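Inspection log for the structure reproduced underneath, given as structure tokens.
Protein chains: 2
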Amino acid sequence: MASRGPSLPRITDVAALAGVSTSTASKALNDTGQLREETRERVRRAAEQLGFTPDSRGRALSSGRSYTVGLITTDSSGRFSIPIMLGAEDALSAGEMALVLCDTRDDPLREQHYLRSLVSRRVDGIIVTGRRTEAREPIDVPIPVVYAFSPSTDPADTSVIVDDHGGASSTVRHLLSLGRRRIAHVTGPATHNSARARAAATIESAGDAFVGEPMHGEWSERWGRHAVDVLLRCCGDEVDAISCGSDQIARGVCDRLRELGRSVPDDLAVTGYDNWSVMALASRPPLTTVDLELEELGRRTAQLLLDAIADNPHPGLVEMPTRLVTRESTLGT
Amino acid sequence: MASRGPSLPRITDVAALAGVSTSTASKALNDTGQLREETRERVRRAAEQLGFTPDSRGRALSSGRSYTVGLITTDSSGRFSIPIMLGAEDALSAGEMALVLCDTRDDPLREQHYLRSLVSRRVDGIIVTGRRTEAREPIDVPIPVVYAFSPSTDPADTSVIVDDHGGASSTVRHLLSLGRRRIAHVTGPATHNSARARAAATIESAGDAFVGEPMHGEWSERWGRHAVDVLLRCCGDEVDAISCGSDQIARGVCDRLRELGRSVPDDLAVTGYDNWSVMALASRPPLTTVDLELEELGRRTAQLLLDAIADNPHPGLVEMPTRLVTRESTLGT
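Right, here's the structure in full:
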């Protein structure tokens, strides 16, 4: 068919085909009023035959709701916000709510523009998400808002975040359960909240088994490779496990260890973080890592927003559990 | 602020604060009617003070338009559809149009559900995108539709696709310009349209410089590594360049060549495809590759849809140019 098809059938077309008045057709399709079942059925058949779809905007206007939620994201690259968005969309669509996407590209002016536009569209609520786990300034709108991944600085807001403490602790407990007793930690910049939180949880969980200081650098494979050189020079055979703050770093660690003739996990066990499949599965060997369960985080965010829209807000911080995924980098083949 | 703020200020609140009638306030804010500039200004100040945002839904209903576009994607993983979506969103938001996200997860029932929902919301148009370059069955709705990345099987529809022939040819011309005369091609499954199209363009552009047959396998680093073993066993020193159908394959090719002591690009030049930064930049050496310019494809799709909504459809196939990005895997350091 051509891009521009015939115009939409109207309720008057349905009424004409069924041989009833427009108001009877409307009652039949909305299951209201007192009509004979036979009449209702005739109208329904006419609607089906014509491909009639009721205009949901009237319902929206009369109910004072738009059945629409806005999603504000600062994360154009999408690594973290995309799964959150898909989870939220999944939960919302089950309730016949539409998700409007607003990508601010980290531009405060763009964010203000989007907020005005969403309010003028009378969206029922807004989800705000970002690429960092640092808390952000709340947005100022007179409708329900839930923050996902990047929490609001205001504790009275509802924010849904990843339990990074639990995630990092789970890798350490796993390494200890495998008999590892000298664990080093290689991670991202000390200026990043996620790197600091994971490092602190690693130190706390490892206790006496922790070696040296957390090694902070870029979130990159290159830093992972370089960190291995630094670590082996300083501590050599003292280390039997390296827990990493990201899968990219862990993949670089594995590559460099292999190049130096060290076996993973026989000589050193390695763990990642994120369960980013393009890294975790392509790594040689594949990585034991922490899945952030971001789709589930998105679903939970949407549910909390639906609650708030229904006048049942849940102020405060919700920490979502992570999931440890074990693979060859700790278990061997 | 709490999740549920105060209720939205209404036009009557603005009128009361400005000391005018509701109809005067409405005229002042809509720049209609005959009013003194002083009155208009007083109403504007009152609106600003109260944080009043006009309800755009009335305008939408009276104009017969919703200023909303639906985006149907089958690509939950998002590698290709996310940049397309962001480009479309960017072009649409400039025209005050909102983008509603519908992720079908490759489920035809879910797609039908979304189409009904979008039609009942009276979206002005729909963008359909997917993860494969194979043509897909058109959707049946009485509103404008434009297909992005995955074209419609109906030539009367508007479809915007990547010029894969041009993209693959550009890598071959680049290799020939560097003096390479024995080019092999390693790519994805022969059942994939994108792999076949890129292979055909490579053979055609390379002419006598093409070595052997296109090597089809998985879209993976593992296949890239394995293909090097096969290629060196069969053709050994006959090959001075390997053009790959994806960056993942090219990264595997580079890794295996390094492990075998072959220098890239001194012994063999390598090219990728996609300019997927996590692969192309992390590869050792970084990859010369083809950028699909998917954000631009998304923008063009949105513009064509806006044209169609304005009763100016452009039926047919639009092929978008790719961009060659040169890096160390062909140029050296």
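Line by line, the protein sequences give chains A and B. Each residue of the first sequence is one higher than the last, beginning at 7 in our numbering. Each residue of the second sequence is one higher than the last, beginning at 7 in our numbering. C-beta atoms are modelled at their ideal positions from N, C-alpha and C, and glycine is treated no differently. Everything numeric in this text was worked out from a predicted model, so none of it was measured.
Chain B places a beta carbon closer than 8 Å to that of threonine 59 of chain A, counting this residue as a contact. In the structure shown, aspartate 297 of chain A adopts extended strand secondary structure according to DSSP, grouped into three states. Where histidine 191 of chain A is concerned, the enclosing beta strand (DSSP E) starts and stops at 189-193.
Segment contact: the region 290-297 of chain B against the region 162-182 of chain B, three or more CB-CB distances shorter than 8 Å; contact assigned. In this structure, the alpha-carbon of arginine 306 of chain B lies about 13 Å from that of valine 134 of chain B. Counting only runs of 4 or more residues that sit fully inside the region 218-305 of chain B, the alpha helix (DSSP H) segments are 227-241, 253-265, 283-286, in chain order. Linking proline 15 of chain B to leucine 115 of chain B through their CA atoms gives a straight-line distance of about 41 Å. Within chain B, the residues Glu227 have their CB atoms less than 7 Å from the CB of alanine 288 of chain A, given in chain order.
In the three-state reduction of the DSSP assignment, alanine 52 of chain A falls in the helix class, which pools H, G and I. Residue pairing by DSSP places leucine 107 of chain B opposite A:Leu105, B:Leu77 in a beta bridge. Per the C-alpha coordinates, the member of A:Gly242, A:Leu23, A:Val147 positioned closest to glutamate 117 of chain A is A:Val147. Pairing phenylalanine 155 of chain B with alanine 154 of chain A, the inter-Cα distance amounts to about 30 Å. When the alpha-carbon of aspartate 246 of chain B is set against those of B:Trp225, B:Gly185, B:Ala206, the nearest one is in B:Gly185. Cβ-Cβ separation between threonine 59 of chain B and serine 126 of chain A: approximately 5 Å, consistent with a contact (criterion under 8 Å).
By the CB criterion at 8 Å, isoleucine 189 of chain B and serine 249 of chain B fall inside the cutoff. With a cutoff of 8 Å on beta-carbon distance, glycine 93 of chain B and leucine 303 of chain B are scored as near each other.
Straight-line measurement puts the Cα of arginine 290 of chain A at about 29 Å from the Cα of alanine 205 of chain B.
At least 8 Å separates the CB of arginine 306 of chain B from every CB of chain A.
With a threshold of 8 Å between beta carbons, glutamate 102 of chain A makes contact with chain B. For the region 301-337 of chain B, the full-length alpha helix (DSSP H) segments reaching 4 residues or more read 334-337 along the chain. Per DSSP, valine 152 of chain A is not a residue of any alpha helix (DSSP H); the beta strand (DSSP E) it occupies stretches across 151-154.
Annotated as proximal: proline 89 of chain A and leucine 300 of chain A, with beta-carbon spacing under 8 Å. Boundaries of the beta strand (DSSP E) around isoleucine 133 of chain B: 131-135. Valine 234 of chain B is a Cβ neighbour of arginine 262 of chain B, given a cutoff of 8 Å. Residue nearest to leucine 312 of chain B within the set B:Glu54, B:Asp112, B:Gly131, B:Ser72 is B:Gly131 (criterion: CA-CA distance). Interface annotation, serine 176 of chain A: not in contact with chain B, CB-CB separation never under 8 Å. One Cα belongs to valine 20 of chain A, the other to threonine 45 of chain A, and the distance between them is close to 12 Å. Within 10 angstroms of the beta-carbon of cysteine 108 of chain B lie 16 or more other beta-carbons, which makes it buried. Neighbours of isoleucine 17 of chain A in chain B, taken as residues at a C-beta separation under 9 Å, are lacking, since the least C-beta distance is about 13 Å. Here valine 26 of chain B carries a coil assignment [DSSP, helix/strand/coil]. In the DSSP assignment, valine 125 of chain A falls within the alpha helix (DSSP H) that extends over 114-126.
When CB distances to chain A are screened at a threshold of 8 Å, the residues of the region 83-97 of chain B falling below it are Gly84, Ile88, Met91, Leu92, Glu95, Asp96, in chain order.
A direct Cα-Cα distance of roughly 21 Å separates threonine 277 of chain A from arginine 228 of chain B.
When A:Ser269, A:Thr139, A:Asn318, A:Thr164 are compared, the shortest CA-CA separation from aspartate 170 of chain A is found for A:Thr139.
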